[in-house]
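First the structure, in the form of structure tokens, and then the observations on it.
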Amino acid sequence: MGRLTLEQKKFYKDNGYILLKNLISEEELSRVIDEYDKLFKRKNLEQMENSWVGKNEDNRKSDSPYTVKGVHNLQHHHAVFGKLLYNDNILDALEDVMETENIMLHHTKAHYKPPEKGASYPMHQDYPYFPYEKDSMVAVFIHLDPATPENGGLLVYPGSHKLGPLEDVGKLQGNFHFVDQKKFPIEKATPVIADRGDVVIFSYFLVHGSTQNLSDKPRRMFLAQFASADDRPIGDQRPQPGYGWKMNDNEDELTTFCDSAASLVEGCRLPVRMQGGDDWPLAEIISIKEIRGQRGYYVHYVDFNKRLDEWVGESWLDTRKVQFPRRDGVSTGGTTTPKKTHIGSGGGVMPNFINDTVCNESQKSSTIQSRPTIPNQQVPPSLPQPKVHEKTHLNALNGSTPKNALGVVAGEPRQLVSRPASPTLGNDSSSLVNGGAVLAAALQKKMNRKRKAPSIDNEEPKQNSKTFQAEPVPSIENEGSETTEMVNLPCIYICEFCLKYRKSKKCLERHLIKCKLKHPPGNEIYRKGSISFFEIDGRKNKCYAQNLCLLAKLFLDHKTLYYDTDPFLFYVMTEFDARGFHIVGYFSKEKESTEDYNVACILTLPPYQRKGYGKLLIEFKKPLSDLGLLSYRSYWAQTILDILTHIKPVGDNEKPIITINEICELTSIKKEDVISTLQNLNLINYYKGQYIISVNEETLQQHEKAMEKRTLRIDPKCLHWTPKDWSKRAKWI
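Note that full-length UniProt numbering numbers the sequence shown so that position 595 is 595, with each residue one more than the last.
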């Protein structure tokens, strides 16, 4: 369990289906397709059992009188199909959807729609074919080809699974089942747009069907249906070969009573009390270490976001219900639990139950005085290369991020010092800054979280921020040339203007005497009011770019760090006041993107979130982190709705007309993102070969309220920037 987010789980419960992108690797997909094509070629020649055929007059095209359009029980034809059934990504997703690890196979089937005249299938439920006592049956559609309405892709009625078993209108026609087509016309169904390797999981109560394949290519799909192993079929159902296969081996996952926490090992699962409440969710132990005579456990809550991972003491563990890891080294319940990086002896960050004592001592230190305004001068910060442990398990979603992560330790927020009143900064382009160094870490003073998280202090302790992630920090050398680990410090201190990190206030005070920077390096390309944007070249300002990536890792779960920042540009948004330019957030982009992405990473620092700055960054657009994706979806929705609400009809008494391509041109949003946004908003339907967009009054009212709050917008007149053609430059010189 743990593959689906809470948002995805809610979507499945509300709609009865979920589309999961890129679940099957290209390598495995190629092997499956190769054997799939060989099987169908063989079947068309042999007309063997376990296949079904359709005649030409039944609207199925072939050179022969018959063409195979499906094959049952593929796992008995080649081992590659059986291996696909045990794909970890699919099983993890199934466990989340079915809310059990006790899953069995019902049957498998190949769906093949020949080009140009591949058969349609009326809207139906799978329930009449094989009803179960507990209705645990789900279907898994594995797309071997892209699926669209044009090539007979899946069509669904979202939420129809809540209706339960519907009248089987087609039962009089033998073993051909379908629902009332007048109540569920295929023209009004919602298309599920999928790419190669995408997987759709849906309830057997969901009303679904498909249209003809009118394209010039076949549409191939692998179908598998699963049920809970403790569920039983109703009636006299003929067992299919493979029926009852257990998908998980739970032999070594029995709950055990453990009389002492000393016998716990990494990989154990047990109930753990979540800090900030009285809940005892199931958690997995990621790391164990001894600190100052106390034994600490770093745990991941199985059904929760990794941002809630934390250190706990023995008193927080319920050792009466322990699931020990399997003998083969695989964690109980799958392999989805995140693995933390360890550095030095023990690794990880200091547990909160130890931080409480240390941080109280830390808070007694004197407040650092704000430095006076001084001339700009760039002092490159030194950044030691962190040690990378072999157990590092971070999702490398993009090459913009170096290979280890900055981590810090927890402490209670100290007393905040208010910032001086911000003077007015002119919009004159002549005053734009060129060169300099970064300020950073005007960070959140209080996070609305259930736990104590790692924290950092900037140079003037006006902000003490609790981070979202607890990743290891590179080690540094102190004055005595003895290496120490920042992971064992209650908090770290970051210079606001160069992002260099220090282990104590005293070290930071000495650094501030030398550091004379007050704005990011690079060129100021935008200014309006107190908002400015700076463009930083990852090659020319490597140390700053690396420090910025380390800072971002504290707040982005999916960000992985690579120290080669040369291929990237960083755009830092700042707020200006008497002390300088304070970082609000940033986005980075590849100088040359092979996948045509315009953003590699995007982040708004916590104290500036929910103030419209995120959409301002996006307006300048593909995200990596889950938080970034949420921001993008919100931006896409508002931008597309803004376009739709301002369309003018061509003539009197005519409805406004706009194409998806026109929306793409007006918004610079990709076609697939436009379609997915319209689907998420339930605004798009496929009718008679074309998309129909309908916006109801409630959606319009919600959009108007959202736009009223969005006061910050990019003014193109204040942008002074010329794009560069990096493909013509030798290695980004």
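Every residue gets a Cβ at the ideal spot worked out from N, C-alpha and C, and that includes glycine. In this text the structure is predicted, and so the values were computed from the model without any measurement.
Proximity of residue i and residue j at Cβ, strictly below 9 angstroms
i, j, result
"Gly522", "Asp566", "no"
"Cys601", "Leu556", "yes"
"Leu683", "Thr699", "yes"
"Ala261", "Glu314", "yes"
"Phe226", "Leu105", "yes"
"Phe85", "Thr108", "The sequence as given places Leu at residue 85; Phe does not occur at that position. For Leu85 and Thr108, yes; Cβs fall inside 9 angstroms."
"Arg219", "Asp145", "yes"
Pairwise C-alpha distance: residue j and residue i
i, j, result
"Phe570", "Lys500", "17 angstroms"
"residue 735", "Ser593", "Outside the modelled stretch of the chain, which goes from 1 to 733, sits residue 735, for which no answer is possible."
"Asp216", "Pro114", "9 angstroms"
"Arg31", "Lys724", "41 angstroms"
"Lys13", "Leu554", "32 angstroms"
"Met350", "Asn248", "Its pLDDT being 49, under 50, Met350 is placed unreliably in this model, and the value from its coordinates should be taken loosely. In a straight line, the C-alpha of Met350 is about 36 angstroms away from that of Asn248."
"Ala283", "Met98", "19 angstroms"
"Pro131", "Gln8", "26 angstroms"
"Lys589", "Val572", "12 angstroms"
"Tyr17", "Phe11", "8 angstroms"
"Asp303", "Val322", "17 angstroms"
"Tyr121", "Asp715", "51 angstroms"
"Val674", "Glu150", "18 angstroms"
"Gln701", "Gln638", "12 angstroms"
"Val312", "Tyr298", "6 angstroms"
"His111", "Gly70", "5 angstroms"
"residue 755", "Leu512", "Here the chain has residues from 1 to 733 only, and residue 755 is not among them."
"Trp636", "Glu697", "19 angstroms"
"Ile33", "Gly235", "35 angstroms"
"Arg645", "Gln679", "The residue asked about is misnamed: residue 645 is Thr in this sequence, not Arg. Answer to the nearest angstrom: the Cα atoms are 17 angstroms apart."
"Ile288", "Arg307", "18 angstroms"
"Tyr243", "Phe176", "22 angstroms"
"Gln181", "Tyr129", "18 angstroms"
"Cys664", "Glu27", "32 angstroms"
"Gly153", "Leu317", "48 angstroms"
"Gly82", "Asn73", "9 angstroms"
"Phe324", "Gly296", "18 angstroms"
"Tyr608", "Glu704", "23 angstroms"
"Lys670", "Thr5", "24 angstroms"
Limits of the unbroken alpha helix (DSSP H) element including residue i
i, result
"Arg546", "It is worth fixing the name first, because residue 546 is Gln in this sequence and not Arg. Start and end: 542-553."
"Val80", "79-85"
"Leu489", "Looking at the DSSP string, Leu489 is not in any alpha helix (DSSP H), and its letter there is neither H nor E."
"Lys671", "671-680"
"Val97", "88-98"
Opening and closing residue of the beta strand (DSSP E) in which residue i lies
i, result
"Met274", "It is not in any beta strand (DSSP E) - Met274 carries neither H nor E in the DSSP assignment."
"Lys505", "Where Lys505 is concerned, there is no enclosing beta strand (DSSP E), although the alpha helix (DSSP H) it sits in stretches over 505-514."
"Thr667", "Run containing Thr667: none in the beta strand (DSSP E); it sits in the alpha helix (DSSP H), 660-667."
"Asn523", "523-528"
"Phe226", "219-228"
"Asp577", "568-577"
"Leu19", "17-20"
"Leu556", "Segment: none, Leu556 is in no beta strand (DSSP E) and carries neither H nor E."
"Leu155", "154-156"
"Gly209", "208-210"
Beta-carbon contacts of residue i that lie in its chain and below 7 angstroms, excluding the five residues immediately before and after
i, result
"Asp230", "Asn102"
"Leu603", "Ala552, Phe555, Leu556, Gly585, Tyr586"
"Lys717", "none"
"Lys648", "Pro656"
"Pro246", "Rather than Pro, the amino acid found at residue 246 in this sequence is Lys. Only Met104, Ala229 meet the Cβ criterion."
"Glu266", "Ile285, Ile286, Ser287, Ile288"
"Trp280", "Pro271, Val272, Arg273, Asp318"
Contacts around residue i, its chain only, beta-carbon distance under 6 angstroms, and the 5 residues preceding and following it disregarded
i, result
"Arg232", "Glu133"
"Asn541", "Pro521"
"Glu575", "Ser530, His582, Val584"
"Tyr526", "Phe533, Cys718, Leu719"
"Ile693", "Leu683, Ile684"
Chain-order list of residues whose beta-carbon lies under 8 angstroms from that of residue i (same chain, five-residue window excluded)
i, result
"Ser676", "Ile193"
"Pro420", "Its pLDDT being 33, under 50, Pro420 is placed unreliably by the model, and the measurement read from it follows with that caveat. Closer than 8 angstroms at Cβ, skipping near neighbours: Asp577, Ala578, Arg579."
"Leu155", "Met123, Pro149, Ile186, Ala189, Thr190, Pro191, Val192, His208, Gly209, Ser210, Thr211, Tyr686"
### Query
Can you find at least 3 beta carbon pairs, one from the stretch 156-164 and one from the stretch 198-215, that sit closer than 8 angstroms?
A contact exists between the stretch 156-164 and the stretch 198-215.
### Message
When you compare the stretch 120-134 with the stretch 164-171, are there three or more beta-carbon pairs, one atom per stretch, that lie closer than 8 angstroms?
### Response
yes
### Query
Using 8 angstroms as the Cβ pair cut-off and three pairs as the minimum, do the stretch 28-39 and the stretch 73-85 touch?
yes
### Task
Decide yes or no for the touch test of the stretch 189-202 against the stretch 19-30: beta carbon pairs closer than 8 angstroms, at least 3 of them.
yes
### Message
Between the stretch 131-151 and the stretch 88-97, can you find at least three pairs of beta-carbon atoms closer than 8 angstroms?
### Response
yes
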